[in-house]
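Undergrad:
2 protein chains.
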Amino acid sequence: MSSRSHSNDDLAASLPSPWPKSPVLQAAYRARSAAADLAPLPRSVKDDALLAIADALVVRTREIVEANAADVARAREAGTAESIVDRLTLTPERVRAIASDVRDVAGLPDPVGEVVRGSTLPNGLDLRQIRVPLGVVGIIYEARPNVTVDAASLCLKSGNAVLLRGSSSALHSNSALVTVVRDAVGGAGLPADAVQLVPGESRESVRELMRARGMVDVLIPRGGASLIKTVVEESIVPVIETGTGNCHVYVDAQADLDIAVAVLLNSKAQRPSVCNAAETLLVHRDIAADFLPRALDALAAAGVTVHADDRVRELAGACGTKATVVPATAEDWETEYLSNDIAAAVVDSLDAAVQHIRLWSSGHTEAIVTTSQPAARRFTQLVDSAAVAVNASTRFTDGGQFGFGAEIGISTQKLHARGPMGLPELTSTKYVFTGDGHVRG
Amino acid sequence: MSSRSHSNDDLAASLPSPWPKSPVLQAAYRARSAAADLAPLPRSVKDDALLAIADALVVRTREIVEANAADVARAREAGTAESIVDRLTLTPERVRAIASDVRDVAGLPDPVGEVVRGSTLPNGLDLRQIRVPLGVVGIIYEARPNVTVDAASLCLKSGNAVLLRGSSSALHSNSALVTVVRDAVGGAGLPADAVQLVPGESRESVRELMRARGMVDVLIPRGGASLIKTVVEESIVPVIETGTGNCHVYVDAQADLDIAVAVLLNSKAQRPSVCNAAETLLVHRDIAADFLPRALDALAAAGVTVHADDRVRELAGACGTKATVVPATAEDWETEYLSNDIAAAVVDSLDAAVQHIRLWSSGHTEAIVTTSQPAARRFTQLVDSAAVAVNASTRFTDGGQFGFGAEIGISTQKLHARGPMGLPELTSTKYVFTGDGHVRG
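For the record, the sequence lines run as chains A and B. Using full-length UniProt numbering, the first residue of the first sequence is number 1, and each one after it goes up by one. Using full-length UniProt numbering, the first residue of the second sequence is number 1, and each one after it goes up by one.
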């Protein structure tokens, strides 16, 4: 600390000297400086920059798609799975869709400046709690180039600078996208360093980000469980844990069977690879004999394999379903399949379902299907997850579906943000109190 | 994880097997179980328990004061500074005051159940974002027995279980207080394990708390800078950083000199040992020759030593003040004195003051004294601290002063909570969405 010199000449004075040697920390310091410039900007200036980004993405589609083709070719050479290659691929249509998302963000209200609380204190002081940007947001993510632009637009709109640490397998795509975004940001008169790709493809660059407390205000890891675990365990920068979704559908003793089948099928099979898809079915014993034959046939028709406890297997055998039913082990209860698989168990009561969920859930989304108001009330009270669905599919836990516009991730931790994170979740607050010479007695 | 057995019999089923050997983790598991019981409790039940605690503290004052006397005697034997012995000491009056604080917490609104956001989505789903308890709150603190009861009452009121890791030098006091609190909590029909002293006096017990991710939802370190640094750097449980206050008073070019002197003196000298006391004075060059002679005399009268830059020292020499003025080094700009000392510098502009603050402040509270509306606006916009005071003492940044009732600490980080933390800051939220068979298309 004492290596910092004291000078008040200009903004550079609020950066430490000597200038750090690490390119990652240099990027963080430039982001910090850009964040100071962004914080007081009014909405119209930020929206103009966002619209300039959207225009530039469309105008420069060709260079983006060409850069992306290099990543795609390299991924294919490396024998990458087609589903991952598909997520990596940018077409002109997809670039237009990304640009359209940026325009949507421009249309969202600006969270910065919102007065969250305000009052006049008994002594006459005016107290206001006001939303302010977090400052510098670091995002660590995998090979999805659309995240690059989504994160940049959400951070800009909320007055934050962003450090983007994408996957090396999307490096050409991300470089092209960030070049286009930075040119547009600079052209709109804002600091281009508000959006930066973190230099270096090695794990070391992630490690440096995780140590940059005081320079980076929050790290949001998006991606696989091992990446998230590493960041949560090693970062001294505050982290928001995202994403793992071991979601449950519980069918209560009293339930509309049509709704139960529809909610189960949509939760599991509408898009199995995403975090808000269901991974476990729990059925109350009183309705199991009525519900399971229909449910198993519906799952069979959707190509879903059922990893079942003894009671589900017994009923499956008795009803002669065509479903593929295999024995469940303890591991099935905690697995996020992200595939056409579901674990299934019969439970003795609603409370037993809640206990199962408390024990095994990742805290993302749990659904109850019931016609009983007391059961719905008890389930929503006792389940301790980011979202609880009543007679609705788990698939609705999503920033877009919730009406937040875009989302920067889905928090499965309790601090700061829980569930889908939109623009307000990218802010902090500041108290301002105003008097006329007030002192404490 | 796979060592956990699958069973739905009772609440114990939601705890891992085998039962942990570590007493700290056992306490955490018991807290988790208690937290599940507390979460759905209505306000009246929690308030009854709080009032029972307050009554018990008064009734059992004698055993509390006797236990405290043992700690005080040991502290005196160890040659502990009288100011610390004073903070450790409990008298019957102080116990009554602590009980009165508990009654105040009972009178505060219950944050749990508050609907933070609510809407009906375009597809007809009813979406509600509802405040819920965090779960298990861990507090690590120094030898202030009043914190034991404050933390317990705030956590109970907000539906959280609390793990109290106090200082070994207050062990007898904390044990007596927690015994009284637990007896009252149990007597009111709530789980006594909602309030537990963390077993073990060694650093190892702190280390175990910091590793208990998934069992402890947040750790709040209160105390010295080194304790806070250790917890921030080593914990994988989410942390809220509290407390360090390198607060600034900036006297602008246009300022009412009477107000400037009053705010400076109150900010610095009304209670120098606390985090919201001012540690640095910045004076605009245009008002320095008028303001500093009066300010230095006032500081001299209050017994404050001034650590001054060259320009302040020059003016001090010219005006012949009786103040003790010593040369400032770079270290003075970053020091939280917590004593009758203040650093002082002349700055060339409001922006230069902001740069100084951005460089050296701990992000707690900064005050501007000005009669210029544009200056007040620019200062409050550009200063990036938890609180900004306009023509008011820095000493007002306090949960009690802000009308939050008690406070569990003052956050100097940006995530989750910033500034004084009251009951809402001890909560998370949960989304509940209700449909009638809604599925995603």
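C-beta atoms are modelled at their ideal positions from N, C-alpha and C, and glycine is treated no differently.
For A:Gly-113, collect the residues of the same chain with a Cβ closer than 6 Å to its Cβ; drop the 5 residues on either side in sequence, then sort them by chain order.
TA: Cβ within range, chain order: n/a, list empty.
Undergrad: Using beta carbons (cut-off 7 Å, strictly below), is A:Thr-380 in contact with chain B?
TA: Yes, because at least one Cβ of chain B sits closer than 7 Å to the Cβ of A:Thr-380.
Undergrad: Would you list the one or two residues that DSSP bridges to B:Gly-224?
TA: Its beta-bridge partners do not exist; DSSP assigns none.
Undergrad: Ignore the nearest five residues each way along the sequence and tell me which others in B:Glu-336's own chain have a CB closer than 8 Å to its CB.
TA: Same-chain partners within the cutoff: Ala-225, Thr-244, Gly-245, Asn-246, Cys-275, Glu-279 and Ser-362.
Undergrad: State the start and end residues of the unbroken alpha helix (DSSP H) segment that holds B:Ala-27.
TA: Start and end: 23 to 38.
Undergrad: Taking all protein chains shown into account, decide if B:Asn-266 is buried (16 or more other Cβ within 10 angstroms of its Cβ) or exposed.
TA: Per the 10 Å Cβ criterion, buried.
Undergrad: Cβ closer than 8 Å: which chain A residues qualify as neighbours of B:Leu-134?
TA: What B:Leu-134 touches in chain A: Lys-414 and Leu-415.
Undergrad: Could you compute how far the alpha carbon of A:Trp-19 sits from the alpha carbon of B:Thr-394?
TA: Roughly 33 Å between the two C-alpha positions.
Undergrad: Suppose you measure from the CA of B:Ala-69 to the CA of B:Arg-87; what does that come to, to the nearest Å?
TA: Computed Cα separation, rounded: 13 Å.
Undergrad: According to a CB-to-CB cut-off of less than 8 Å, which residues of the stretch 209 to 239 of chain B neighbour chain A?
TA: Those would be Arg-213, Asp-217, Val-218, Val-232, Glu-233, Ile-236, Pro-238 and Val-239, in chain order.
Undergrad: Tell me B:Leu-164's beta-bridge partners as DSSP assigns them.
TA: Bridge partners of B:Leu-164: B:Ile-139 and B:Leu-197.
Undergrad: In chain order, what residues of the stretch 421 to 435 of chain A put their CB closer than 7 Å to some CB of chain B?
TA: Residues Ser-428, Thr-429, Lys-430, Tyr-431, Val-432, Phe-433, Thr-434 and Gly-435.
Undergrad: Which chain A residues sit within Cβ distance under 8 Å of B:Val-388?
TA: What B:Val-388 touches in chain A: Lys-430, Tyr-431, Val-432 and Phe-433.
Undergrad: Going along the chain, which unbroken runs of the alpha helix (DSSP H) with 4 or more residues stay wholly within the stretch 351 to 407 of chain B?
TA: Those alpha helix (DSSP H) runs which fall completely within the stretch 351 to 407 of chain B and span 4+ residues are 373 to 382.
Undergrad: Which residues mark the beginning and the end of the beta strand (DSSP E) in which A:His-284 is found?
TA: 278 to 284 is the span of the beta strand (DSSP E), which, as asked, contains A:His-284.
Undergrad: Nearest to A:Leu-127 by alpha carbon, out of B:Thr-429, B:Val-346, B:Gly-441 and B:Pro-420?
TA: The option with the nearest alpha carbon to A:Leu-127 is B:Pro-420.
Undergrad: Could you have a look at A:His-6 and say whether DSSP puts it in helix, strand or coil?
TA: Low local confidence applies: a pLDDT of 34 at A:His-6 is under 50, so the model's placement there is unreliable, with the coordinate-based value given in what follows. Three-state DSSP puts A:His-6 in coil, outside helix and strand.
Undergrad: Assess contact between the stretch 178 to 192 of chain A and the stretch 46 to 58 of chain A, defined as three or more Cβ pairs (one per stretch) separated by less than 8 Å. Is contact present?
TA: In short, these stretches touch, since the Cβ pair count reaches three.
Undergrad: Any beta-carbon of chain A closer than 7 Å to the one on B:Gly-419?
TA: By this cut-off, B:Gly-419 is an interface position.
Undergrad: Just checking, does the stretch 161 to 178 of chain B make contact with the stretch 428 to 440 of chain B on the three C-beta pairs under 8 Å criterion?
TA: Cβ pair count under 8 Å is below three, so no.
Undergrad: Under a three-way DSSP split, which group does B:Cys-275 fall into?
TA: Here B:Cys-275 sits in coil by DSSP.
Undergrad: Quick one: give me the first and last residue of the alpha helix (DSSP H) that A:Ser-44 is part of.
TA: From DSSP, the alpha helix (DSSP H) with A:Ser-44 extends over 43 to 59.
Undergrad: For residue 445 of chain A, which three-state DSSP category applies?
TA: In the structure as shown, chain A starts at 1 and stops at 441, and residue 445 of chain A therefore has no counterpart that could be examined.
Undergrad: Can you give the beta carbon distance from residue 444 of chain A to A:Thr-321, rounded, assuming they're within the 8 Å contact cut?
TA: Since the first residue shown for chain A is 1 and the last is 441, residue 444 of chain A is missing from the structure and cannot be characterised.
Undergrad: Kindly indicate which three-state DSSP category B:Ile-240 falls into: helix, strand or coil?
TA: It is coil, neither helix nor strand.
Undergrad: Quick check: is the beta carbon of B:Leu-257 nearer than 7 Å to any beta carbon in chain A?
TA: Closer than 7 Å: no.
Undergrad: Closer than 7 Å, Cβ to any Cβ of chain B: which residues of the stretch 262 to 282 of chain A, in chain order?
TA: So the close ones are Ala-262, Val-263, Asn-266 and Gln-270.
Undergrad: Are the CB atoms of A:Val-132 and A:Val-162 nearer to each other than 7 Å?
TA: For A:Val-132 and A:Val-162, no; Cβs fall outside 7 Å.
Undergrad: With B:Asp-436 as the anchor, note down where its beta strand (DSSP E) starts and where it stops.
TA: Taken as a continuous stretch (DSSP letters only), the beta strand (DSSP E) holding B:Asp-436 covers 427 to 438.
Undergrad: Quick one: which chain B residues come within Cβ less than 7 Å of A:Ser-393?
TA: Here the neighbours are His-438, Val-439 and Arg-440.
Undergrad: Could you give the distance in angstroms between the alpha-carbon of B:His-364 and the alpha-carbon of A:Ser-44?
TA: Their backbone Cα atoms lie some 30 Å apart in a straight line.
Undergrad: Is DSSP giving A:Ser-119 helix, strand or coil here?
TA: Note: A:Ser-119 maps to strand in three-state DSSP.
Undergrad: Between the alpha carbons of A:Ser-5 and B:Ala-316, how many angstroms are there, rounded?
TA: Here A:Ser-5 scores only 35 on pLDDT, less than 50, and its place in the model is too uncertain to base an answer on.
Undergrad: Taking C-beta to C-beta, are B:Asp-217 and B:Leu-134 nearer than 7 Å?
TA: Cβ atoms of B:Asp-217 and B:Leu-134: closer than 7 Å.
Undergrad: Please state whether DSSP places A:Leu-338 in a helix, a strand or coil.
TA: Three-state DSSP puts A:Leu-338 in coil, outside helix and strand.
Undergrad: If you reduce the DSSP assignment to three classes, tell me which class A:Gly-317 lands in.
TA: Helix.
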